[in-house]
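Order-wise, the sequence lines are chains L and A.
If you're matching positions, the first sequence starts at 3 in the working numbering and goes up one per residue.
If you're matching positions, the second sequence starts at 27 in the working numbering and goes up one per residue.
No residue lacks a Cβ here, since even glycine has one placed at the ideal position from N, Cα and C.
This one's a predicted model, so the numbers in the text were calculated from it and none came from an experiment.
Everything on this sheet refers to the single structure shown next.
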Amino acid sequence: MGGSDSAGRLVRPFTLTGGRTRPSRADFTLITTVTAADPQPETAARPQPEHLRILRLCAEPVAVAELAARLDLPVSVVVIMLCDLLEAGRITAHPPHPVTRTTPDLDLLQKVREGLGRL
Amino acid sequence: MAGSDTTAQASADRSAPDTVKILIAGGFGVGKTTMVGSVSEIAPLRTEEPLTMAGLDVDDLDGVEEKRATTVAMDFGRITVSDDLVLYLFGTPGQQRFWFMWNDLALGALGAVVLVDVRRPKSSFAAIDFFERRNIPFVIAVNGFHGEHPYPVEDIRESLTLPESVPVLLCDARERESSRDVLIALIDRLIAQAAPAG
Ligand SMILES: Nc1nc2c(ncn2[C@@H]2O[C@H](COP(=O)(O)OP(=O)(O)OP(=O)(O)O)[C@@H](O)[C@H]2O)c(=O)[nH]1
Ligand SMILES: [Mg+2]
């Protein structure tokens with residue numbers, strides 16, 4: 003019993019995860035770093051080929067934008083696959099350093115300053 | 027005992043660096059990609075986003091292949107600042123019709139470099155306006171094509187009606203040291219703004 007395509011799309015994520023909210027695209031900015039979980043979770047479902055490619059590329063931490071460039075895929079497409087991988091426990095995501103205008107992080111800025119000075 | 031979940035989290039946190047970004051902006055063809063390339067530790071990478079998807083917010087990948095014709099390209103580079111901190115530089119798409127991308131790019135950025143072509147400074151006027159309106163800190167880097175700087179900084183500042191508070195530097199986007207100095211000027215401005223007065 004399929005129902006219409008669009009209805010299926012709306013319902014599917016929630017049935018798949020037993021009502022939990024899915025990881026969302028907002029979890030992945032261009033400079034979020036992702037890392038393959040080691041060891042990989044033992045599940046019956048084998049990762050798809052594209053997913054395996056991603057897992058190989060993020061054996062070491064890699065930023066989402068770099069991943070997309072190396073896969074030669076649009077960021078928006080890669081992010082959708084990363085959502086699946088995060089949900090399956092196959093990757094971890096490390097968010098960017100938060101930047102706020104109201105409380106600038108002086109230590110962070112000094113660190114960047116010193117790093118640039120060494121170039 | 028949460029088992030494998032916590033293990034994975036711990037190992038990721040041990041090795042994943044913190045990341046920050048700076049935008050390299052400016053009008054069409056002012057040398058943004060050149061600057062990203064000259065300071066980046068890797069050859070600049072590029073991602074292309076199909077335009078039809080850029081504004082889409084549903085998980086709808088149907089027909090991606092057919093719609094890939096129109097894309098907006100974005101290049102970026104990387105500077106490893108320390109063991110646990112990596113700086114990314116994003117060259118913003120220059121053509122004005124792609125500027126809707128800038129909002130996303132600007133989110134969470136430390137600040138921006140607005141490159142100005144010394145021969146046609148007004149082409150970067152809209153970029154300056156963009157960062158001013160959003161209160162995003164920036165510096166102006168005047169790219170002297172062929173390394174030539176025929177006009178003094180003050181003339182350029184005046185023609186762009188920039189306040190004294192905005193640093194204006196002369197640069198050669200092809201030169202690593204020159205591009206690095208522009209980034210340092212931006213960080214120095216951020217530090218000056220962050221440090222308590224005195
Ligand atoms: N002679 C000289 N050429 C430069 C300099 N900077 C950039 N160029 C050249 O100018 C052209 C445009 O530079 P890009 O770095 O591609 O400019 P861009 O701002 O990325 O351009 P768009 O992304 O198309 O807006 C290229 O052919 C560069 O090689 C410079 O300082 N001197
Ligand atoms: Mg470019």
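- For ligand 2, enumerate in chain order all residues having a CB closer than 7 Å to any of its heavy atoms. Residues lining ligand 2 by the Cβ criterion, that is a Cβ closer than 7 Å to any of its heavy atoms, are A/Lys58, A/Thr59, A/Asp101, A/Gly117 and A/Gly120 in chain order.
- Write down the C-beta distance between isoleucine 48 of chain A and methionine 61 of chain A rounded to the nearest angstrom, noting that I regard them as a contact closer than 8 Å. In this structure isoleucine 48 of chain A is not in contact with methionine 61 of chain A, their Cβ atoms being roughly 11 Å apart against a cut-off of 8 Å.
- Query: Name the chain A residues whose beta carbon is nearer than 8 Å to that of arginine 55 of chain L?
  - Reply: Within 8 Å Cβ-Cβ: nothing; arginine 55 of chain L doesn't reach chain A, min ~16 Å.
- Per DSSP, which one or two residues make a beta bridge with leucine 71 of chain A? A/Phe102
- Message: Bridge partners for alanine 167 of chain A per DSSP, in chain order?
- Response: Note: alanine 167 of chain A sits in a beta bridge opposite A/Leu141 and A/Leu195.
- Task: With a threshold of 16 other CB atoms inside 10 Å of the CB of threonine 31 of chain L, please say whether the residue is buried or exposed.
- Result: Classification of threonine 31 of chain L: buried, given that the 10 Å Cβ count is 16 or more.
- Query: Is arginine 146 of chain A near ligand 1, going by C-beta to nearest heavy atom under 7 Å?
  - Reply: no
- Query: Between valine 194 of chain A and the rest of its own chain, which residues show a CB-CB distance below 7 Å, the 5 nearest in sequence each way excluded?
  - Reply: Ile166, Val168, Val179, Ile182, Arg183 and Leu188
- From this set, L/Ser26, L/Asp109, L/Val66 and L/Ile56, which residue's C-alpha is nearest isoleucine 33 of chain L's C-alpha? L/Val66
- Do you know how far the Cα of proline 70 of chain A is from the Cα of leucine 115 of chain A? 9 Å
- Query: How many angstroms separate the CA atom of proline 119 of chain A from the CA atom of alanine 99 of chain A?
  - Reply: 7 Å
- Item | Integer Cβ distance of isoleucine 68 of chain A from glycine 103 of chain A, believed to fall under 8 Å | Contact holds; Cβ gap of about 6 Å.
- Message: Less than 7 Å separating the Cβ of arginine 200 of chain A from some heavy atom of ligand 1?
- Response: yes
- Query: Once you ignore the five residues that flank alanine 47 of chain L on each side, which residues in its own chain have a CB closer than 8 Å to its CB?
  - Reply: Ala90
- Of all Cβ atoms in chain L, is any one closer than 8 Å to the Cβ of threonine 59 of chain A? no
- Message: Between leucine 18 of chain L and chain A, is the shortest Cβ-Cβ distance under 8 Å, so that the two count as touching?
- Response: Confidence at leucine 18 of chain L is low in this model, with a pLDDT of 37, below 50, so its placement is unreliable and the value that follows should be read with caution. Contacts with chain A at 8 Å (Cβ-Cβ) do not include leucine 18 of chain L.
- Determine contact between the region 204–211 of chain A and the region 146–157 of chain A, defined as no fewer than three beta-carbon pairs at a distance below 8 Å. no
- Going straight from the alpha carbon of leucine 212 of chain A to that of leucine 59 of chain L, what length do you get? 33 Å
- Task: Please classify arginine 120 of chain L: is it buried, with 16 or more other beta-carbons within 10 angstroms of its beta-carbon, or exposed?
- Result: exposed
- Task: For serine 41 of chain A, go through chain L and note every residue whose CB falls closer than 8 Å to its CB, in chain order.
- Result: Thr37, Glu62 and Pro63
- Query: Quick one: is alanine 135 of chain L near chain A, going by C-beta distance under 8 Å?
  - Reply: Residue 135 of chain L lies beyond the stretch modelled for chain L, which goes from 3 to 121, so this question has no answer here.
- Query: Between which two residues does the beta strand (DSSP E) carrying histidine 96 of chain L extend?
  - Reply: Taken as a continuous stretch (DSSP letters only), the beta strand (DSSP E) holding histidine 96 of chain L covers 93–96.
- Query: Is valine 64 of chain L helix, strand or coil by DSSP?
  - Reply: strand
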